[in-house]
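Trainee: Submitted below is the structure of interest, expressed as structure tokens.
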């Protein structure tokens, strides 16, 4: 394995662990914050498929996440009004309350992660990450 890939995976893993430590006091897991953020910032009803599309995740992954979050009392599932095969996912009051806490916790992780990195370096890094993502998406499209 390339040193770059191993190092990149380590940074990703450490970042996820840092997020988990900040989210644990609120009873949520790293990754659930992305679904919460999506629901906090949309006024429309979303199905699991729409959530998966917007978060660039598989439907199966979102189904598991929604099931767990429903058990935690953060979201509720409702029948879709016109398509019995689908469900609508909505925040519960408990899920809405976390909007006052979770963004601040994630901001703290981001500040720690980017400490001693200039705005110029951050912008360049984001550009490099976007290019890497584009490269992988192009490679995947060519394989299909």
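Numbering (full-length UniProt numbering), first residue to last: 1 to 144.
No residue lacks a Cβ here, since even glycine has one placed at the ideal position from N, Cα and C.
All figures in this text were calculated on a predicted structure; none of them were measured in a lab.
Report the three-state DSSP secondary structure of residue 78 (helix, strand or coil).
Mentor: Three-state result, residue 78: strand.
Trainee: For the beta strand (DSSP E) containing residue 48, name the first residue and the last one.
Mentor: Counting along the chain, residue 48 falls outside any beta strand (DSSP E), though it belongs to the alpha helix (DSSP H) covering 48 to 55.
Trainee: Write down every uninterrupted run of the alpha helix (DSSP H) in the UniProt domain "HTH marR-type" (1 to 134) whose length is 4 residues or greater and which is fully enclosed by it, in chain order.
Mentor: 3 to 23, 32 to 40, 48 to 55, 59 to 71, 93 to 97 and 102 to 113, all fully within the UniProt domain "HTH marR-type" (1 to 134).
Trainee: Report the option in 135, 16, 70 and 5 whose CA atom is closest to the CA atom of residue 94.
Mentor: Looking at the Cα atoms, 70 is the closest of the given residues.
Trainee: Around the Cβ of residue 74, are there at least 16 other Cβ atoms within 10 angstroms (buried) or fewer (exposed)?
Mentor: Answer is buried; the Cβ neighbour count reaches 16.
Trainee: Would you decide whether residue 22 is buried or exposed? Buried here means 16 or more other CB atoms lie within 10 Å of its CB.
Mentor: So residue 22 counts as buried.
Trainee: Mark residue 89 as exposed unless 16 or more other C-beta atoms lie within 10 angstroms of its C-beta, in which case mark it buried.
Mentor: Classification of residue 89: buried, given that the 10 Å Cβ count is 16 or more.
Trainee: Starting from the C-beta of residue 78, find all residues in its chain whose C-beta is less than 7 Å away, skip the five residues before and the five after it, and write them out in chain order.
Mentor: 87, 88 and 90.
Trainee: Just the C-alpha distance for residue 65 and residue 32, rounded to the nearest angstrom, thanks.
Mentor: Going by the C-alpha atoms only, they are around 7 Å apart.
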